[in-house]
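Visitor:
2 protein chains.
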Amino acid sequence: LAEYQTISWEAGRLRMLDQRLLPAETVYQYYTRPEEIAGAIRDMVIRGAPAIGAAAAFGLALAAERSPAQDRDGLITDLEQAARLLRAARPTAVNLSWALDRVMNKVKSVPADEPDQIRVAVLEEAQAIAAEDVAVNRQIGLNGVPLVPDGARIIHHCNTGSLATVDYGTALGVIRAAYENGKNLHVFVDETRPRLQGARLTSWELKRLNIPHSVVVDGSSGYLMSRVGVDLCIVGADRVASNGDTANKIGTYNLALVAYAHGVPFYVACPTSTIDLSIKSGDEIEIEQRPADEVTFLGEVQLTPDGVSASNPAFDITPARYITAIITERGIAYPPYEESLASLL
Amino acid sequence: LAEYQTISWEAGRLRMLDQRLLPAETVYQYYTRPEEIAGAIRDMVIRGAPAIGAAAAFGLALAAERSPAQDRDGLITDLEQAARLLRAARPTAVNLSWALDRVMNKVKSVPADEPDQIRVAVLEEAQAIAAEDVAVNRQIGLNGVPLVPDGARIIHHCNTGSLATVDYGTALGVIRAAYENGKNLHVFVDETRPRLQGARLTSWELKRLNIPHSVVVDGSSGYLMSRVGVDLCIVGADRVASNGDTANKIGTYNLALVAYAHGVPFYVACPTSTIDLSIKSGDEIEIEQRPADEVTFLGEVQLTPDGVSASNPAFDITPARYITAIITERGIAYPPYEESLASLL
């Protein structure tokens, strides 16, 4: 596993690697209050669908610990309030709601009335979510290995590695598992504007793993497929609808369309916790609009002239027809996804 | 015309607006030697296919002025040497070669043997190229107006305005002419990584023209077309082959594929000097590879970890089948382009 830790519980505090500062600085932040966790998710100290799910679960553990409630009902009320706060931090990735619902369901099923027993149960469930995420990612990686040919040239978008999860990674987990299984690879790392998760984070992880790679601008995939050669694309997901439509980082849909035009396989890798069977299609997924200054500034450097406006949708929806397969810890789903996803779950 | 001047001849010196420093600073640089012009083109002090054509022509005027040759042959030898130097500055845009060839053909057709008469002819031809570029762009703009519906939401890639030409612009000239003809518009300005010509230059021009716009990341076109609505895309060109295949700034091909998938018209606007009938298809166009640090650094700010490599192709080729029409000063070419382009020329 990684020498760095995206998220870890340390004696009543949640420690998270501040991903806003990477790769220049490796700084860990400590949190003791659920509203601080919500803020850290919103500000992208931590990001990546599985990672923010785990962070939200630990946010409830902090809420439980800090709640002065003396009885079960009072504690549940406090936890529900914290869950609302955490759920609102970012709207698109379903893992956030999934983790909160899982912890709250656990709370409600605890047989004891003793608040301290509930507090223990909340922390244990958050720790279980975190531990399972690592195991799930390893299995996603193994399941994906047969889809990666030896010598594969791969385009990867955003960051889906240890930094986007509790550890190991989803799409990057597949790349990593293929490499660890002896396959030669070259990864074209989409820099992933505007937050540059590819340039800053994915290259940082791939370098530590010694996996050959080069950073490219997001607009270069058509060039790479037509002039250089690309064998597959692989991305993560923030929410997958029943029909396979997939919300992921802005630019994913463009990459899928370019891959489709070139007959290049386009894979999504995600835990089944990212699959939202409560919605029929991607039309029902809310796309988060983030601040314009993520586009117009880079750190302190202003890119655009004064007063120029920008639009900053953080995600897009890739329709299922452009997705070759969805790789999960329970196996690989192929079209038609209504059937294959339902049978995996 | 613009209150700023991309390129102008001032009493034996060539003055160019340093586009590397925009929008933060408006600095004019002065040049007196052809090798300085080649360097300025290579370093992108000036960029845009029509603008670098004009710069190269003035580079020959500087070479003529500085040449100590006392006879016609000596002067032509010196000019040919300067032309080789200028031609090598950037390989993809054909306007560079086109302008150099035009000046050299003029030189060879001057009836006089007197070197000073040739010197005058070189400067006059460079000035004619510059003056014609402005007139040509205005006509491209007018020709394109009927293709822009009232209320159009337009995606534009890179910069194709006064800064990419001697004045007025090609694709941005069409947008500008449509706006000046009373059409309501909104321009989604692709920021255009890695050099950010959209974020830095196009927004700077649109703001001065009061044309409504918002800057977006290059990966957002799929989102914009599927969730917001886009009526057309329009881009410039660095070289158009006989069959209509078009070399333009990296990311153009991706945008064309996204437009095609959504049934959104995709237009190329360029002078006929950008059309290269000597090549059959885009396969014959050399794609310039630029330094990796254009991707890994933004000014002084390092984006990637130390030692990470990047690939930086500066252009891509959009196959003709994805191009709805090519707008030139001589009219609009529609597919099949082999016929329509040949008949325009």
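Protein chains in written order, with our numbering: chain A, 1 to 345; chain B, 1001 to 1345.
Cβ atoms here follow ideal geometry from the backbone N, Cα and C, with glycine treated the same way.
Keep in mind the model is a prediction, meaning the values are calculated, not measured.
(1) Are residue 234 of chain A and residue 268 of chain A close, meaning C-beta to C-beta below 9 Å?
(2) Would residue 1323 of chain B count as contacting chain A if we go by Cβ distances under 9 Å?
(3) Going by DSSP, name the residue or residues bridged to residue 1135 of chain B.
(4) Starting from the beta carbon of residue 1258 of chain B, find every residue of chain A whose beta carbon is closer than 7 Å, and list them in chain order.
(5) What do you reckon, are the CB atoms on residue 342 of chain A and residue 242 of chain A nearer than 9 Å?
(6) Hey, which unbroken runs of the beta strand (DSSP E) at 3 residues or more fall wholly within the segment 1020-1056 of chain B?
(7) Quick one: what does DSSP say residue 249 of chain A is sitting in, helix, strand or coil?
(8) Measuring CA to CA, which of B:1264, B:1123, B:1217 and B:1287 is closest to residue 1355 of chain B?
(9) Of the residues B:1082, B:1072 and B:1075, which one's Cα is nearest the Cα of residue 1055 of chain B?
(10) Which word fits residue 286 of chain A, buried or exposed, when buried means at least 16 other C-beta atoms lie within 10 angstroms of its C-beta?
(11) Just by C-beta distance, which residues in the segment 1306-1331 of chain B are closer than 9 Å to chain A?
(12) So if DSSP puts residue 4 of chain A in a beta bridge, which residue, or which two residues, is it bridged to?
(13) Which two residues bound the contiguous alpha helix (DSSP H) that contains residue 215 of chain A?
(14) Rounded C-beta distance between residue 1224 of chain B and residue 1265 of chain B? I'm assuming under 8 Å.
(15) In three-state terms, what does DSSP make of residue 238 of chain A?
(16) Taking a contact to mean a Cβ-Cβ separation below 9 Å, would you say residue 1222 of chain B touches residue 1048 of chain B in this structure?
(17) Could you tell me which uninterrupted alpha helix (DSSP H) segments, each at least 4 residues in length, are contained entirely in the segment 288-318 of chain A, listed from first to last along the chain?
(18) Mind listing the chain A neighbours of residue 1218 of chain B? Cutoff is C-beta to C-beta under 9 Å, in chain order.
(19) Measure from the alpha carbon of residue 152 of chain A to the alpha carbon of each residue in A:329, A:71, A:187 and A:338, then state which is nearest.
(20) Per DSSP, residue 276 of chain A forms a beta bridge with which residues?
(21) Taking 9 Å as the CB-CB limit, is residue 1072 of chain B close to chain A?
(22) Can you give, in chain order, each stretch of the beta strand (DSSP E) that sits fully within the segment 115-164 of chain A and has at least 3 residues?
(23) Counting Cβ pairs closer than 8 Å, one from the segment 175-185 of chain A and one from the segment 1203-1210 of chain B, do we hit at least three?
(24) So, helix, strand or coil for residue 1200 of chain B, using DSSP?
(25) Hey, does residue 1244 of chain B have any beta-carbon neighbour from chain A nearer than 9 Å?
(26) For a quick check, are the C-beta atoms of residue 1215 of chain B and residue 1189 of chain B less than 9 Å apart?
(27) To be precise: take each residue of the segment 1267-1295 of chain B, compare its Cβ to all Cβ atoms of chain A, and keep it if any distance is under 7 Å. Which residues remain?
(28) Measure how close the beta-carbons of residue 96 of chain A and residue 46 of chain A come, nearest whole angstrom, since I'm counting them as under 8 Å.
(29) Of the choices A:91, A:142, A:272 and A:275, whose alpha-carbon is the least far from that of residue 179 of chain A?
(30) Less than 9 Å separating the beta-carbons of residue 1344 of chain B and residue 1321 of chain B?
(31) With a threshold of 6 Å on Cβ separation, who are the neighbours of residue 259 of chain A within its own chain once the five nearest residues in sequence on each side are excluded?
(32) Do residue 1077 of chain B and residue 1239 of chain B have their beta-carbon atoms positioned less than 9 Å apart in this structure?
(33) Please compile the residues from chain B whose C-beta is within a distance smaller than 9 Å of the C-beta of residue 247 of chain A.
Guide: The answer reads as follows:
(1) On the first sequence, residue 234 of chain A is found 234 positions in, with the first residue counted as 1. On the first sequence, residue 268 of chain A is found 268 positions in, with the first residue counted as 1. In this structure, residue 268 of chain A lies closer than 9 Å to residue 234 of chain A by Cβ.
(2) The residue labelled residue 1323 of chain B in the question sits at position 323 within the second sequence. It does not: the Cβ of residue 1323 of chain B has no partner Cβ on chain A nearer than 9 Å.
(3) Within the second sequence, numbered from 1, the residue matching residue 1135 of chain B stands at position 135. Paired residues: none, contrary to the question.
(4) The residue labelled residue 1258 of chain B in the question sits at position 258 within the second sequence. Per Cβ cutoff of 7 Å: 254 and 257.
(5) For the purposes of this step, residue 342 of chain A is taken as the residue at position 342 of the first sequence. For the purposes of this step, residue 242 of chain A is taken as the residue at position 242 of the first sequence. Cβ distance < 9 Å, so residue 342 of chain A and residue 242 of chain A count as in contact.
(6) 1028-1031
(7) On the first sequence, residue 249 of chain A is found 249 positions in, with the first residue counted as 1. Three-state result, residue 249 of chain A: strand.
(8) In the structure as shown, chain B begins at 1001 and stops at 1345. Residue 1355 of chain B is therefore absent and cannot be evaluated.
(9) The sequence position of residue 1055 of chain B within the second sequence is 55, counting from 1. If we check each option's Cα against that of residue 1055 of chain B, B:1082 comes out closest.
(10) Against the first sequence, residue 286 of chain A aligns to sequence position 286. By the neighbour-count definition (other C-beta atoms within 10 Å, threshold 16), residue 286 of chain A is an exposed residue.
(11) 1306, 1307, 1308, 1309, 1310, 1311, 1312, 1313, 1315, 1316, 1317, 1318, 1319 and 1322
(12) Reading the first sequence from its first residue, position 4 is the one you call residue 4 of chain A. None, per the DSSP bridge assignment.
(13) Taking the first residue of the first sequence as position 1, residue 215 of chain A is located at position 215. Here residue 215 of chain A belongs to no alpha helix (DSSP H); instead the beta strand (DSSP E) covers 213-216.
(14) One-based indexing of the second sequence puts residue 1224 of chain B at position 224. One-based indexing of the second sequence puts residue 1265 of chain B at position 265. About 15 Å separates the two Cβ atoms, so there is no contact after all.
(15) The residue labelled residue 238 of chain A in the question sits at position 238 within the first sequence. DSSP places residue 238 of chain A in coil when its eight states are reduced to three.
(16) Position 222 of the second sequence, counting from 1, holds the residue named residue 1222 of chain B. Position 48 of the second sequence, counting from 1, holds the residue named residue 1048 of chain B. No, the pair does not count as a contact, with Cβ atoms beyond the cut-off.
(17) 293-296
(18) As a first step, residue 1218 of chain B must be located in the second sequence, where it is residue number 218. Within 9 Å Cβ-Cβ: 193, 217, 218, 219, 251 and 254.
(19) Residue mapping note: residue 152 of chain A aligns to position 152 of the first sequence, counting from 1. For residue 152 of chain A, the nearest C-alpha among the options comes from A:187.
(20) Against the first sequence, residue 276 of chain A aligns to sequence position 276. DSSP output for residue 276 of chain A lists A:241 as bridge partner(s).
(21) To locate residue 1072 of chain B, count along the second sequence from 1; it is residue 72. Cβ-Cβ to chain A under 9 Å: no for residue 1072 of chain B.
(22) 152-156
(23) no
(24) Taking the second sequence and counting its residues from 1, one reaches residue 1200 of chain B at position 200. Correct three-state label for residue 1200 of chain B: helix.
(25) In the second sequence, residue 1244 of chain B corresponds to position 244, counting from 1. False, the Cβ-Cβ gap to chain A never drops below 9 Å.
(26) As a working note, residue 1215 of chain B is residue 215 in the second sequence. As a working note, residue 1189 of chain B is residue 189 in the second sequence. Cβ distance < 9 Å, so residue 1215 of chain B and residue 1189 of chain B count as in contact.
(27) 1287 and 1295
(28) As a working mapping, residue 96 of chain A is identified with position 96 in the first sequence. As a working mapping, residue 46 of chain A is identified with position 46 in the first sequence. Wrong, their Cβ atoms sit about 11 Å apart, outside the cutoff.
(29) Locating residue 179 of chain A in the first sequence gives position 179, counting from the first residue. Looking at the Cα atoms, A:142 is the closest of the given residues.
(30) Position 344 of the second sequence holds residue 1344 of chain B. Position 321 of the second sequence holds residue 1321 of chain B. Not in contact: residue 1344 of chain B and residue 1321 of chain B (Cβ atoms no closer than 9 Å).
(31) For the purposes of this step, residue 259 of chain A is identified with residue 259 of the first sequence, where counting begins at 1. Cβ within range, chain order: 233 and 266.
(32) Locating residue 1239 of chain B in the second sequence gives position 239, counting from the first residue. Locating residue 1077 of chain B in the second sequence gives position 77, counting from the first residue. Contact: no.
(33) Taking the first residue of the first sequence as position 1, residue 247 of chain A is located at position 247. What residue 247 of chain A touches in chain B: nothing, since even the nearest Cβ is about 10 Å away.
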